[in-house]
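Going down the list, the sequences are from chains R and B. Every letter in the first sequence is one number past the one before it in the numbering used here, and letter 6, counting from 1, is 83. Every letter in the second sequence is one number past the one before it in the numbering used here, and letter 30, counting from 1, is 89. Take a look at the structure set out below.
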Amino acid sequence: MDQNDINRLRGKTAVVGLAESGCGLASGWSAMEIMASAVHDALDDAGIKLKEVDGVFAATAFHSMAAMSLSEYLGVKPKFADGSQIGGSSFLSHILTAAMALDAGLINVAVVAYGSNQKSAGGFKTISEAMPYEAQYQPRMPVTAYALSAKRYMNEFGATREDLANVAVSARDWALLNPRAYTHQDGPLTVNDVLSARPIVDPLGKLDCCLVTDGGAAVVMTRSDRAKDTKNTPIYLLGAAMEHHHRMISEMPDLVQTSAIESGKRAFSMSGYNPNDMSTIQLYDAFTINTLLFLEDLGFCKKGEAKELVKNNNIGPTGNLKVNTNGGGLSCVHPGMYGLFVTLEALRQLRNASGDDVGQRLNGGWIDNAKLSVAHGNGGVLSSQVTNIWGVSDTL
Amino acid sequence: MAEDLTGTVGPEQQFKNFLSEGKFMIQRCKSLNKFFFHPRVAFPGSGERDLEWVEASGNGEVYSSSCNRRLPEKGGDFNLSLITLEEGPRMMARVEGIDPDKVEIGQKVKARISSLNGEPAVIFDIV
Chain R
78 MDQNDINRLR GKTAVVGLAE SGCGLASGWS AMEIMASAVH DALDDAGIKL
128 KEVDGVFAAT AFHSMAAMSL SEYLGVKPKF ADGSQIGGSS FLSHILTAAM
178 ALDAGLINVA VVAYGSNQKS AGGFKTISEA MPYEAQYQPR MPVTAYALSA
228 KRYMNEFGAT REDLANVAVS ARDWALLNPR AYTHQDGPLT VNDVLSARPI
278 VDPLGKLDCC LVTDGGAAVV MTRSDRAKDT KNTPIYLLGA AMEHHHRMIS
328 EMPDLVQTSA IESGKRAFSM SGYNPNDMST IQLYDAFTIN TLLFLEDLGF
378 CKKGEAKELV KNNNIGPTGN LKVNTNGGGL SCVHPGMYGL FVTLEALRQL
428 RNASGDDVGQ RLNGGWIDNA KLSVAHGNGG VLSSQVTNIW GVSDTL
Chain B
60 MAEDLTGTVG PEQQFKNFLS EGKFMIQRCK SLNKFFFHPR VAFPGSGERD
110 LEWVEASGNG EVYSSSCNRR LPEKGGDFNL SLITLEEGPR MMARVEGIDP
160 DKVEIGQKVK ARISSLNGEP AVIFDIV
């Protein structure tokens with residue numbers, strides 16, 4: 078198959094509705110209730126009735142067969158469903174699969190959804206099995222894996238904990254502009270705050286690690302011919318690609334190079350745009366090291382140079398790169414699997430710039446004239462990497 | 060041929076059995092003359108099945124390291140590292156006999172078989 082065949086998905090589908098539900102703390106709500114609430118809100122946002130939904134895509138850490146459980150709860154009998162579980166990036170791959178199913182005519186309306194009540198239910202939730210050849214050493218997964226990568230990164234490129242901390246400082250600065258962010262009222266962070274936070278797995282401290290919150294999210298997708306007749310600004314899927322090369326951190330071929338190198342290359346190629354064309358950059362920042370690795374692997378700078386790129390708050394609201402503009406997993410929301418929230422922020426920025434009301438931000442929180450966003454998802458332990466490129470109609 | 064597995068055990072259990080006998084064994088593909096870890100039924104990526112077990116030299120080098128913080132009453136801080144074996148493959152393990160936050164990338168280490176939670180385990184010491 079040549080590249081033209083692959084690229085036939087470019088611009089063929091769009092998101093026409095989105096919502097989040099129960100982000101932060103949702104005591105008294107189950108993961109399913111939070112997820113289903115987000116689906117109904119996203120359908121309301123799209124102006125599409127539940128009975129039109131014939132494609133259901135979901136993954137959670139609470140349901141072994143999430144797409145089936147969600148379909149039943151909604152009362153939907155999908156003609157195509159996918160509950161593939163590749164960690165936090167699952168939803169960005171569901172979006173690719175949904176685009177394929179829509180384009181093939183198997184379905185007409187897809188919902189992609191997630192829900193979690195991990196915080197109110199007691200803390201970080203995983204259904205990951207114990208890894209053979211690793212479990213007996215009792216790694217504190219996933220933190221240990223990311224700490225091993227961070228340590229290697231610091232060693233290879235002369236990066237410091239201060240370089241990592243810069244990522245957390247900028248994320249918080251964005252959260253201060255976003256009333257939806259969990260840390261919106263918490264005030265700014267300094268590099269010293271991050272360095273002096275409680276050590277978890279050296280070299281990562283508590284503020285190098287994402288939040289632990291509740292929350293759900295959903296998006297509604299249709300083919301583009303229908304999307305242009307819906308009530309909101311459709312946001313078109315211009316590129317999508319995935320790759321993974323390990324499941325266990327001990328099997329990662331190189332701790333400082335992720336499969337985002339490959340997923341990013343193919344997603345940008347499909348979209349016809351380059352990293353520098355992106356108005357906003359939404360990266361799966363479960364840990365501070367992620368942002369450095371993905372800026373490099375997606376092509377925003379060369380390997381080893383991200384530590385320079387993030388200096389002087391250059392990825393914060395006053396900087397040149399609009400990275401994780403909701404506050405990210407570090408300072409906005411992280412209910413265990415963050416992929417759909419990366420996606421939501423990529424979409425919201427484009428819809429706001431197109432005149433849709435997608436909520437209020439303080440001055441500087443919305444990116445003027447945003448036309449293209451990259452949403453990048455990560456799953457497992459720097460394992461599965463999925464890149465989506467989104468654009469408004471005049472980028473088609 | 061693996062149609063009937065009756066009376067045999069897979070590579071994971073074979074590895075554990077060797078450890079119980081005090082031997083740290085890794086697999087080598089004979090036709091490729093390459094070692095790999097973790098144990099598998101075929102060479103990863105290309106599928107060769109002419110495998111043999113070889114006793115590892117035990118010599119290795121720290122590829123990366125982390126200090127996992129833990130309350131003293133739960134056992135205290137411990138090291139968790141990735142070790143590149145002299146034969147080429149990499150594995151997760153603990154480096155002991157040194158403060159858990161003092162293990163550095165590039166340090167030479169040597170394997171011994173110890174136990175963790177009652178199970179035999181490969182542990183490394185700084186050379």
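Where a beta carbon is used, it is the ideal one built from N, C-alpha and C, also for glycine.
Residue from the options with nearest C-alpha to residue i
{"i": "B/Lys93", "options": "B/Leu141, B/Glu107, B/Phe74 and B/Gly81", "result": "B/Glu107"}
{"i": "R/Asn446", "options": "R/Pro280, R/Gln462, R/Thr472 and R/Ala158", "result": "R/Thr472"}
{"i": "B/Phe95", "options": "B/Ala115, B/Glu80 and B/Leu78", "result": "B/Ala115"}
{"i": "R/Ala318", "options": "R/Lys156, R/Ala113 and R/Ile172", "result": "R/Ile172"}
{"i": "R/Val130", "options": "R/Met298, R/Met329 and R/Ala224", "result": "R/Met298"}
{"i": "R/Glu385", "options": "R/Pro216, R/Leu407, R/Ala242 and R/Ser450", "result": "R/Ala242"}
{"i": "R/Ser148", "options": "R/Val116, R/Tyr361 and R/Asp285", "result": "R/Val116"}
{"i": "R/Ser327", "options": "R/Asn185, R/Asp118, R/Met142 and R/Pro216", "result": "R/Pro216"}
{"i": "R/Met218", "options": "B/Leu139, B/Lys89 and B/Pro131", "result": "B/Leu139"}
{"i": "R/Ile358", "options": "R/Leu332, R/Thr402 and R/Asn389", "result": "R/Thr402"}
{"i": "R/Ser273", "options": "R/Tyr415, R/Val400, R/Lys399 and R/Arg238", "result": "R/Arg238"}
{"i": "R/Ala181", "options": "R/Lys156, R/Thr203 and R/Leu421", "result": "R/Lys156"}
{"i": "R/Gln262", "options": "R/Gly101, R/Val419, R/Ala430 and R/Ser431", "result": "R/Gly101"}
{"i": "R/Leu421", "options": "R/Ala175, R/Lys89 and R/Gly293", "result": "R/Gly293"}
{"i": "R/Ala91", "options": "R/Asp306, R/His140, R/Thr221 and R/Cys286", "result": "R/Asp306"}
{"i": "R/Asn391", "options": "R/Val244, R/Leu179, R/Leu424 and R/Met355", "result": "R/Val244"}
{"i": "R/Asp270", "options": "R/Asp285, R/Asp354, R/Glu206 and R/Ser170", "result": "R/Asp285"}
Contact set for residue i: own chain, Cβ-Cβ below 7 Å, skip 5 residues either direction
{"i": "R/Glu320", "result": "Ser336, Glu339, Ser340 and Gln462"}
Contact set for residue i: own chain, Cβ-Cβ below 8 Å, skip 5 residues either direction
{"i": "R/Phe201", "result": "Gln195, Val289 and Gly413"}
{"i": "R/His350", "result": "The question names His, yet the displayed sequence has Tyr at residue 350 of chain R. Taken in chain order, the residues that qualify are Leu315, Gly316, Leu449, Ile466, Gly468 and Thr472."}
{"i": "B/Ala101", "result": "Glu107, Arg108 and Leu110"}
{"i": "R/Gly105", "result": "Ser197"}
{"i": "R/Glu233", "result": "Val333 and Gly381"}
{"i": "B/Pro98", "result": "Pro70, Glu71, Gln73, Phe74, Ile85 and Gln86"}
{"i": "R/Leu396", "result": "The sequence as given places Gly at residue 396 of chain R; Leu does not occur at that position. Once the five neighbours on either side are set aside, the close Cβ partners of R/Gly396 are Ser247, Asn389 and Asn390."}
Nearest-angstrom Cα separation, counted from residue j out to residue i
{"i": "B/Trp112", "j": "B/Thr143", "result": "18 Å"}
{"i": "R/Arg189", "j": "R/Arg324", "result": "What sits at residue 189 of chain R in the sequence shown is Val, not Arg. When rounded, the distance between both Cα atoms is 24 Å."}
{"i": "R/Gly165", "j": "R/Leu372", "result": "18 Å"}
{"i": "R/Pro209", "j": "B/Asn76", "result": "15 Å"}
{"i": "R/Met109", "j": "R/Val133", "result": "14 Å"}
{"i": "R/Val278", "j": "R/Tyr214", "result": "14 Å"}
{"i": "R/Trp251", "j": "R/Ala383", "result": "19 Å"}
{"i": "R/Ile484", "j": "B/Asp63", "result": "Outside the shown range of chain R, which is 78 to 473, sits residue 484 of chain R, and nothing can be said about it."}
{"i": "R/Gly185", "j": "R/Met347", "result": "The amino acid occupying residue 185 of chain R in the given sequence is Asn; Gly does not appear at that position. Approximately 23 Å, taken between the alpha carbons."}
{"i": "R/Gly457", "j": "R/Ala304", "result": "33 Å"}
{"i": "R/Gly442", "j": "R/Ala158", "result": "36 Å"}
{"i": "B/Val68", "j": "B/Met84", "result": "15 Å"}
{"i": "R/Gly454", "j": "R/Val419", "result": "7 Å"}
{"i": "R/Asp430", "j": "R/Ile444", "result": "Checking the displayed sequence, the identity of residue 430 of chain R turns out to be Ala instead of Asp. So the alpha carbons of these two residues sit roughly 7 Å apart."}
{"i": "R/Leu281", "j": "B/Lys133", "result": "20 Å"}
{"i": "R/Gly235", "j": "R/Leu370", "result": "14 Å"}
Contact under 8 Å by Cβ, residue i with residue j
{"i": "B/Gly104", "j": "B/Ile172", "result": "no"}
{"i": "B/Val186", "j": "B/Lys167", "result": "yes"}
{"i": "R/Arg249", "j": "R/Ser146", "result": "no"}
{"i": "R/Leu375", "j": "R/Ser226", "result": "no"}
{"i": "R/Ala119", "j": "R/Ile111", "result": "no"}
{"i": "B/Ser125", "j": "B/Glu163", "result": "no"}
{"i": "R/Asn309", "j": "R/Val93", "result": "yes"}
{"i": "R/Arg438", "j": "R/Ile312", "result": "no"}
{"i": "R/Val387", "j": "R/Leu360", "result": "no"}
{"i": "R/Gly124", "j": "R/Met142", "result": "no"}
{"i": "R/Ala178", "j": "R/Leu151", "result": "no"}
{"i": "R/Leu417", "j": "R/Phe168", "result": "yes"}
{"i": "R/Gln162", "j": "R/Ala144", "result": "no"}
{"i": "R/Ile204", "j": "R/Ala258", "result": "no"}
6 Å CB neighbourhood of residue i in its chain, flanking five on each side removed
{"i": "B/Pro179", "result": "Leu78, Ser79 and Ile172"}
{"i": "R/Tyr223", "result": "Phe364 and Ile366"}
{"i": "R/Ala295", "result": "Ala96, Ala115, Val116, Ala119, Val188 and Ala190"}
{"i": "B/Phe137", "result": "Asn127 and Pro159"}
Residue i - DSSP class collapsed to helix/strand/coil
{"i": "R/Glu320", "result": "strand"}
{"i": "R/Met474", "result": "No answer is possible for residue 474 of chain R: the residues shown for chain R start at 78 and end at 473."}
{"i": "R/Trp106", "result": "coil"}
{"i": "R/Thr472", "result": "helix"}
{"i": "B/Met151", "result": "strand"}
{"i": "B/Gln73", "result": "helix"}
{"i": "R/His453", "result": "strand"}
{"i": "B/Lys167", "result": "strand"}
{"i": "R/Gln426", "result": "helix"}
{"i": "R/Gly168", "result": "Per the sequence shown, residue 168 of chain R should be read as Phe rather than Gly. Three-state DSSP puts R/Phe168 in a helix."}
{"i": "R/Trp443", "result": "coil"}
{"i": "R/Pro352", "result": "helix"}
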